[in-house]
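Residue numbers (this note's numbering): 2 to 241. For glycine and all other residues, C-beta sits at the position ideal for the given N, C-alpha and C. None of the values given here were measured: they were computed from a predicted structure. Everything on this sheet refers to the single structure shown next.
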Ligand SMILES: [Zn+2]
């Protein structure tokens, strides 16, 4: 039975039988993997603790007939406890792993793996605030999946910006010619914040006042929900 190792971030777990769990992981090299962790619910095992959601681990697996089986797990980043201890961080992380899960439905990528690990690490260290970290993660992960929004030039005709009308269906900000009557308008500060979240300009993003952050969060949520179809359950719990 072929054995392989990889670095993984745990997206979610579910119970299997009396003592086992199925662990869904985004891996560095093998895309998304669902694998069985045996005996982890029987005792307070260290093995099991390393395979909780938001944990980053170096794991060894062997290929099973239907699901692979995890035989070893060494912690690389124990972000789980630090994130779970803070409710805004917990809800943000939950929305991140659910998004990663949906975006890697067909195949995972190294880029998506690194983005998620970086965002969880940042959350665990309380670097930029849970709300900004989540919004930035959502914009960047959607971009990697092929849905890069435009917050500068018109998303429909390409007219050089800045513009203020937001149309999530066409992928961002549109010019006055392309805007349908009644399109919601954003403050220039909100458009600038969205651009900073997309590029990771934290210095600018963190200087934004609460009202601007709230408007940006609304845009990011609408954009995310539009592209992920049925929507994210965990996004509804994010304290906004
Ligand atoms: Zn236009």
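For residue i, which residues in the same chain have their Cβ closer than 6 Å to its Cβ, ignoring the five residues on either side in sequence?
| i | result |
| --- | --- |
| residue 216 | 191 |
| residue 153 | 162 |
| residue 185 | 167 |
| residue 209 | 194 |
| residue 108 | 32 |
| residue 38 | 22, 24, 52, 71 |
| residue 49 | 41 |
| residue 57 | 10, 77, 78, 118 |
Tell me residue i's beta-bridge partners as DSSP assigns them.
| i | result |
| --- | --- |
| residue 1 | With the chain covering 2 to 241 only, the question about residue 1 has no answer from this structure. |
| residue 58 | 9, 76 |
| residue 84 | Answer by DSSP bridge pairing: none, since residue 84 is not bridged. |
| residue 22 | 16, 38 |
| residue 70 | 37, 63 |
| residue 161 | In DSSP, residue 161 forms no bridge with anything. |
| residue 98 | Partner(s): none; residue 98 has no beta bridge. |
Less than 8 Å between C-beta atoms, sequence neighbours within five positions excluded: which residues of the same chain meet that for residue i?
| i | result |
| --- | --- |
| residue 117 | 10, 27, 97, 98, 101, 138, 142 |
| residue 129 | 123, 137, 203, 206, 207 |
| residue 127 | 87, 90 |
Less than 8 Å between the CB atoms is what I'm expecting for residue i and residue j, so what's the real figure, rounded?
| i | j | result |
| --- | --- | --- |
| residue 72 | residue 61 | 5 Å |
| residue 214 | residue 194 | 7 Å |
| residue 173 | residue 151 | 4 Å |
| residue 164 | residue 155 | 6 Å |
| residue 8 | residue 59 | 5 Å |
| residue 69 | residue 42 | In fact, because the Cβ distance is near 19 Å, the residues do not count as touching under 8 Å. |
| residue 25 | residue 12 | 5 Å |
| residue 146 | residue 104 | 5 Å |
| residue 35 | residue 23 | 6 Å |
Go to residue i, then tell me how far its beta strand (DSSP E) extends in each direction, as first and last residue.
| i | result |
| --- | --- |
| residue 35 | 33 to 38 |
| residue 1 | One cannot answer for residue 1 here, as it falls past the ends of the chain, which runs 2 to 241. |
Can you tell me where the alpha helix (DSSP H) with residue i in it begins and where it stops?
| i | result |
| --- | --- |
| residue 134 | 131 to 145 |
| residue 125 | 111 to 125 |
| residue 50 | 47 to 50 |
Apart from the five residues on each side of it in sequence, which residues of its chain come closer than 7 Å, Cβ to Cβ, to residue i?
| i | result |
| --- | --- |
| residue 136 | 198, 217, 218, 221 |
| residue 94 | 55, 84, 121, 124 |
| residue 239 | 92, 93, 96, 135 |
Say whether chain D places a C-beta atom closer than 8 Å to the C-beta of residue i.
| i | result |
| --- | --- |
| residue 18 | Among the protein chains of the structure shown there is no chain D, as only one such chain exists. |
### beta strand (DSSP E) runs contained entirely in the stretch 171 to 241, provided each spans 3 or more residues
The qualifying runs are 173 to 175.
### Query
Going along the chain, which residues put their C-beta within less than 6 Å of some heavy atom in ligand 2?
No copy of ligand 2 occurs in the structure displayed; its ligands are ligand 1 alone.
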